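Colleague:
In the working numbering, the protein residues as written are 280 to 466.
So this is what it looks like as structure tokens:
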């Protein structure tokens with residue numbers, strides 16, 4: 280009679296002890312990095328440690344911020360659009376993906392895209408990203424018989440007023456980057 284470990288269709292994974300140790304160090308290290316990164320106070324030790332692990336956290340998408348919470352919550356609503364002009368003069372506005380445009384399940388996965396566009400791409404210190412973003416928009420909106428010739432990136436923003444202030448949202452907009460699309464950009 281066959282024992283449970285030798286029956287067909289059963290699988291018992293076996294890890295080399297070194298692999299097990301390395302896997303536990305990786306998981307434990309990531310948990311420790313996340314805890315240090317998410318520590319809400321700016322203690323001297325946490326600032327230095329965050330600076331040290333920031334490249335890894337950004338690369339892995341594990342970085343978080345506390346800008347939605349007190350004592351200094353985020354004070355601006357912002358989003359981006361791209362204004363595309365085609366060869367025949369037709370224009371179109373393309374919206375960078377926004378979570379509210381999707382259902383609850385899909386919205387969960389859109390948070391990184393919103394953070395990339397509204398929180399990072401719009402900032403002047405990230406101007407190096409603007410040509411690549413414009414080329415991406417041109418490729419996504421390419422029509423073989425009527426290709427895009429220009430892409431303008433436009434930021435829209437409104438300052439968040441304190442609750443019960445009675446002030447209406449005043450939306451502003453600014454075209455912060457104009458890109459002339461080259462034929463090679465559409466490949």
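Where a beta carbon is used, it is the ideal one built from N, C-alpha and C, also for glycine. Since the model is a prediction, treat every value here as computed from it, not as a measurement.
(1) Between the beta-carbon of residue 420 and the beta-carbon of residue 410, is there less than 8 Å?
(2) Residue 434 and residue 361 - do their beta-carbons sit closer together than 8 Å?
(3) Thinking just about the alpha-carbon of each residue, which of 440, 457, 444 is nearest to the one in residue 450?
(4) If residue 315 sits next to residue 329, beta carbons under 8 Å apart, how far is it from one beta carbon to the other, in whole angstroms?
(5) Considering residue 453, what are the terminal residues of the beta strand (DSSP E) in which it resides?
(6) Mind checking which residues open and close the beta strand (DSSP E) that includes residue 332?
(7) How should residue 323 be labelled, buried or exposed, when 16 other C-beta atoms within 10 angstroms of its C-beta is the threshold for buried?
(8) Please report the residue range of the alpha helix (DSSP H) in which residue 303 lies.
(9) Please give me, in chain order, every unbroken run of the alpha helix (DSSP H) with length at least 4 that falls completely inside the segment 355-397.
Modeller: In this structure, then:
(1) Using a Cβ distance threshold of 8 Å, residue 420 and residue 410 do not count as a contacting pair.
(2) The Cβ-Cβ distance between residue 361 and residue 434 does not fall below 8 Å.
(3) Closest option to residue 450, Cα to Cα, is 440.
(4) Contact flag correct, Cβ pair sits at about 7 Å.
(5) Per DSSP, the unbroken beta strand (DSSP E) holding residue 453 starts and ends at 451-459.
(6) Unbroken run through residue 332 is the alpha helix (DSSP H), 323-339; no beta strand (DSSP E).
(7) Classification of residue 323: exposed, given that the 10 Å Cβ count is below 16.
(8) First-last of the alpha helix (DSSP H) with residue 303: 296-317.
(9) Residue ranges of uninterrupted alpha helix (DSSP H) with 4 or more members, entirely inside the segment 355-397 and ordered along the chain, are 383-393.
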